[in-house]
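Protein chains in written order, with our numbering: chain A, 15 to 697; chain B, 32 to 556.
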């Protein structure tokens, strides 16, 4: 069953990708979407076996892969509770996104290619979560990277999309650099890359030291941190996060599937999968916590000032991933996975909802040109509100359970990094609530500000009727500064609600965003049921789960207070007195610029990495190869002989003859040497 | 059946026919060459199927005294030679097909040059007599000179001159070394020489003499500058053979001669090889990033990949050497395919300038897909052959030197950067001009050339066992020969070798291994 579940998306991807031209768009879409729904159904069967009936963990071997010396890597599927959770997340969101794309990509001329990429991505992600060894996990890791590269650059006519695609791949490779070194080091220490064997041997290697780059370092700390660099790349943690906001160049369904619900959570999954290793190093846990907390804060602060609806949600994703990491760093791996699980529902919902808004607004993504949309697209509005409630942690929604669990666990962990993460996390909850409601208010409330939008203008002037049948066109849309005479008003434009194929996935995800937390929190983070649910597939600290339930009342109430404060602030700043944000920005221009420039990370990397690489490359090529090696090497030699032989002018077969001559002379000399040698020896 | 002799002599026979037969025209010449190379490939497959994977030592041995005791017609293959011969005979028919339409002048001579080269390549890998090896090894370059010099581009004279100068220097030193060795051991048999224990001092000088030749062929930094020029000027099929087979001669030389014959010197001089490899990866990757000529870019990436080969070989352990050999095979396929891809668009637009392309994903979707595949294989995406190679090399190297691994692994970042940057400029965006837009997609002939390589790359990436299994006994004997040699240590403590006895380590590292950890890792070699 697991083979069918995993390989089905690969087969459908190949059929749709290679045969899409032959069989046509609709069959390609039916095959890929149908395959994914089947995979999703099978995943729920697998999950319920673990959830309800406590099936044992299994490893299903498939094929030998790389064997060399002691290294023995096989293609194999490992299925346990942790895998099962990831299976349902990946296949469910993927199936819904496939369905959603029927509407969203309806008019795209290369939509079979799009569906093939989506299915290919799903296959790679399934290989990642079912990996029973680190090398196969790396296969999935790189596979999802490839699919992400292809989908970000799907509209390859746009220079910005191409740049974003390359950036995503290369930044992820920086993470893979760490991941690779981690795998090599793990093999050196453990003599195996099998995850089960490694985790079983962790206790016997804890506290040992080995030599890395000439330094003597703690084995577990070094390996965990190297592997964590990989996780940071894939999960867009501070320092290696710069690719994620740019990845919004891809079509919106891609953002929902890859850059919110599944691929970016692979780093969290990896840390949980290897949690016994991280448990053996307090330093590594502290680093994971600090990086997670810093990312949560950084991304939330940047999200406050973004005007592109997708970028707000992208930074929000980055920030929520930070929560998952500091939960893991605090030792609450169950809580990290729980937030991963609930986040998949409400963040996919928010992205797909944003896609529905963008669809209705004729590809306009700038919230400054939205406003008053709740009356025009009420279903989208209602579901976006559900997603926002879940994200901001309103009572009894999915996010309420998972975010509270993380904050309580961080507080209860009793470590200084855990306490730090709690403080940061509580503050970030406030920011989250603020920017999320800001998004809702700017988009759905207030007066329409559509008239100034170039996209709306374009729609009006080129026939309004085509609003529904064309998605993001793939052309470069530059936002000219808003200099129109009438920045407000509808401009005579009428947004339409999206078709059913796009709304059905929203309803399903909305149900998850509302009830997934209530339904599963006992299993994922419950002190009584948690251990029985996970059954050793991650390091589950029961005493921490107990401690979580005994934190002071003010800790329990903190996230809810943060929720209301953020909501109140957003209401005040964007509905009550809308001129306030501009005045605030004017009052503290330095901070505002710092945030709008995303803490200047891109500028910094451009100045210290990108441009120097090209400059050094040019220097080495011209100064190194041409002006040093060639000048003193062959060209210098040519200059010496040129006078007599006019070497460069002669037909080159002359060289062949002289070359052959040298070789034959050499052999003749050899023959002579030995004839003499034997003669002398013979006498 | 003396299958190796047949494989060596059959192409020569065809070549003679091509040049000598009266009334030979271009069409007939192409067909004769294609038939010959396909037969050679079939013979190669027969040989593979008859090869005993588990058996140590050499198979299909033939011995015919020619000028005894100085030169015997002594042939035989182990798994390493088998795989490299298979690579050569696999690429040859594809090269003939690739030249089908693009070569129009002196076609019979051109085909004859390729056939002679095939014969010499097989001879190089199959030779068991050191002078016979030398003959094949050096003579193999003559047809390449002709191919570049006669059918090459505008600056072909300069390119072949550079090629000549470098190889001449290296081969003279190697010949002197060979003369000394034969005088010392009293035999020209490579098998005897591989077991002969030269004194460490002699090994040191012999190693350097051979190194001069192999480093140029590899090519290693800083004697690599002939390669970009040679590639740029060579016709497409010439580039394929140059990258696919000729570059493997250096690596083959290291495996066949340097490691087993001079094991002490190899262990002592790993710092030299590793340092040059580390420089090469970073240096040539950065240079590749700024190239505007497709062939130059791929040529520089070849230098970086070959640095992985040398680093893996001089990790001196099973994974490193095995990875290097897989890298040689993988690079032969992938860079060969990339040069073929360049040839496809060069035939249409007659320029290698990257800026003249763009938007090929629109106009040539099949081409864009295959180019993407080979791009990904070049950057070592798992499930392609490039990953298996890189992974094994770096895994092996990590056990010898973490510093070297750290630096070499940056190659996976830089490699992604320059290859994706190349792909973006060729396939994405929009066409640079109307002539670019008008280029037709792949023809059936071109697909027939590229698809077999695609299949081979995937096969080697998903189930490399088929290719690794024959090579294992040969690699095991080399590793056994190297086992226990005293490795060099650098002042920077670059080499920290937990796989080796603790008394070889510098004091600080030794202290580290006095801790409980020390018990574990001696099994990793």
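C-beta: ideal position from N, C-alpha, C; glycine also. Just so we're clear, the structure is a prediction, and the values are computed from it rather than from any experiment.
Any beta carbon from chain A within less than 8 angstroms of residue 419(B)'s own beta carbon? For residue 419(B), the nearest beta carbon of chain A is closer than 8 angstroms to its own beta carbon.
Locate the alpha helix (DSSP H) running through residue 610(A), then write down its first and last residues. Counting along the chain, the alpha helix (DSSP H) containing residue 610(A) begins and ends at 603-610.
Collapsed DSSP secondary structure at residue 50(B) in the structure displayed: Residue 50(B) carries a helical assignment under DSSP once its states are collapsed to helix, strand and coil.
Check the Cβ-Cβ distances between residue 156(A) and every residue of chain B, and say whether any is below 8 angstroms. Put simply, the CB of residue 156(A) is near chain B, with a gap under 8 angstroms to one of its CB atoms.
Residue 89(A) - containing beta strand (DSSP E), residue span: In this chain, the beta strand (DSSP E) harbouring residue 89(A) covers 85-93.
Could you check what DSSP says for residue 90(B) in three-state terms: helix, strand or coil? DSSP places residue 90(B) in strand when its eight states are reduced to three.
Can you tell which of 371(A), 402(A), 307(A) and 551(A) has its C-alpha closest to the C-alpha of residue 432(A)? Comparing Cα-Cα distances from residue 432(A) to each of 371(A), 402(A), 307(A) and 551(A), the minimum goes to 307(A).
When you compare the CB of residue 4(A) with every CB in chain B, is at least one pair closer than 8 angstroms? The structure shown has nothing for residue 4(A), since chain A only spans 15 to 697.
Is the beta carbon of residue 162(A) less than 8 angstroms from the beta carbon of residue 145(A)? For residue 162(A) and residue 145(A), no; Cβs fall outside 8 angstroms.
Sequence-distant residues of the same chain with beta carbon closer than 7 angstroms to residue 403(A), five excluded per side: 411, listed in sequence order.
Mind listing which residues of the segment 210-237 of chain B have their C-beta closer than 7 angstroms to chain A's C-betas, in chain order? Those would be 210 and 214, in chain order.
Just the Cα atoms here: how many angstroms apart are residue 495(A) and residue 596(A)? Because residue 495(A) carries a pLDDT of 43, less than 50, the predicted location of this residue cannot be relied on, and the following value inherits that uncertainty. The straight-line gap from Cα to Cα measures roughly 16 angstroms.
Give me the residue from 593(A), 214(A), 350(A) and 217(A) with the minimum Cα distance to residue 281(A). Cα-wise, what sits closest to residue 281(A) is 350(A).
When the Cα of residue 215(A) is compared with those of 347(A), 290(A) and 302(A), which residue comes out closest? Across the set 347(A), 290(A) and 302(A), the C-alpha of 290(A) shows the shortest separation from the C-alpha of residue 215(A).
Considering only C-alpha positions, which residue in the set 325(B), 300(B) and 463(B) is nearest to residue 517(B)? Looking at the Cα atoms, 300(B) is the closest of the given residues.
Does chain B have any CB closer than 8 angstroms to the CB of residue 170(A)? Interface flag for residue 170(A) against chain B is set, since a Cβ pair is found closer than 8 angstroms.
Taking 8 angstroms as the threshold (C-beta atoms), are residue 400(A) and residue 207(A) in contact? No.
How far does the alpha helix (DSSP H) with residue 301(A) in it extend, from its first residue to its last? Annotation: the continuous alpha helix (DSSP H) that includes residue 301(A) extends over 296-317.
Taking a Cβ distance cut-off of 9 angstroms, strictly less, list which residues of the segment 132-150 of chain B are near chain A, in chain order. Here the close residues number zero.
Contact set between residue 187(A) and chain B, taken where Cβ atoms lie within less than 7 angstroms: At a beta-carbon threshold of 7 angstroms, the residues of chain B lying near residue 187(A) are 443, 444 and 447, ordered along the chain.
Output yes or no for whether 8 angstroms exceeds the beta carbon distance between residue 352(A) and residue 301(A). No. Outside cutoff.
Burial state of residue 39(A), where buried means 16 or more other Cβ atoms lie within 10 Å: Buried is the call here.
By a C-beta neighbour count over all protein chains shown, 10 Å radius and 16 as the cutoff for buried, is residue 42(B) buried or exposed? It is buried - the Cβ of residue 42(B) has at least 16 other Cβ atoms within 10 Å.
Same chain only: Cβ atoms within 7 angstroms of residue 518(A), ignoring 5 sequence neighbours per side: Result list for residue 518(A): 113, in chain order.
I want to verify the contact list: residues of chain A whose CB lies under 8 angstroms from the CB of residue 491(B), in sequence order. At a C-beta separation below 8 angstroms, residue 491(B) has no neighbours in chain A, since its nearest C-beta there lies roughly 11 angstroms away.
Mind pulling the chain B residues with CB within less than 8 angstroms of residue 107(A)? Listed by position along chain B, the residues whose Cβ is nearer than 8 angstroms to that of residue 107(A) form an empty set, because the closest Cβ is around 24 angstroms away.
Against chain A, does residue 407(B) count as a neighbour if the rule is that its beta carbon must be under 8 angstroms from one of theirs? When Cβ-Cβ separations below 8 angstroms define contact, residue 407(B) makes contact with chain A.
Taking only beta-carbon positions, decide if residue 413(B) is within less than 8 angstroms of chain A. Closer than 8 angstroms to some Cβ of chain A, the Cβ of residue 413(B) qualifies, so yes.
Checking contacts by CB at 8 angstroms: is residue 81(A) closer than that to chain B? Under the Cβ criterion of 8 angstroms, residue 81(A) is counted among the residues facing chain B.
Any idea if residue 228(B) is buried or exposed, counting beta-carbon neighbours within 10 angstroms, 16 or more meaning buried? By the 10 Å Cβ count, residue 228(B) comes out exposed.
Once you ignore the five residues that flank residue 480(A) on each side, which residues in its own chain have a CB closer than 8 angstroms to its CB? Confidence at residue 480(A) is low in this model, with a pLDDT of 42, below 50, so the placement of that residue is unreliable and no value is reported for it.
Hey, does residue 353(B) have any beta-carbon neighbour from chain A nearer than 8 angstroms? At least one chain A Cβ lies under 8 angstroms of residue 353(B).
Helix or strand or just coil, what does DSSP make of residue 176(A)? If DSSP states are grouped into helix, strand and coil, residue 176(A) belongs with the helices.
To the nearest angstrom, report how far apart residue 370(A) and residue 511(A) are at their CA atoms. Computed Cα separation, rounded: 8 angstroms.
Which of the three DSSP states is assigned to residue 80(A) in this structure? Correct three-state label for residue 80(A): strand.
Any beta carbon from chain A within less than 8 angstroms of residue 299(B)'s own beta carbon? By this cut-off, residue 299(B) is not an interface position.
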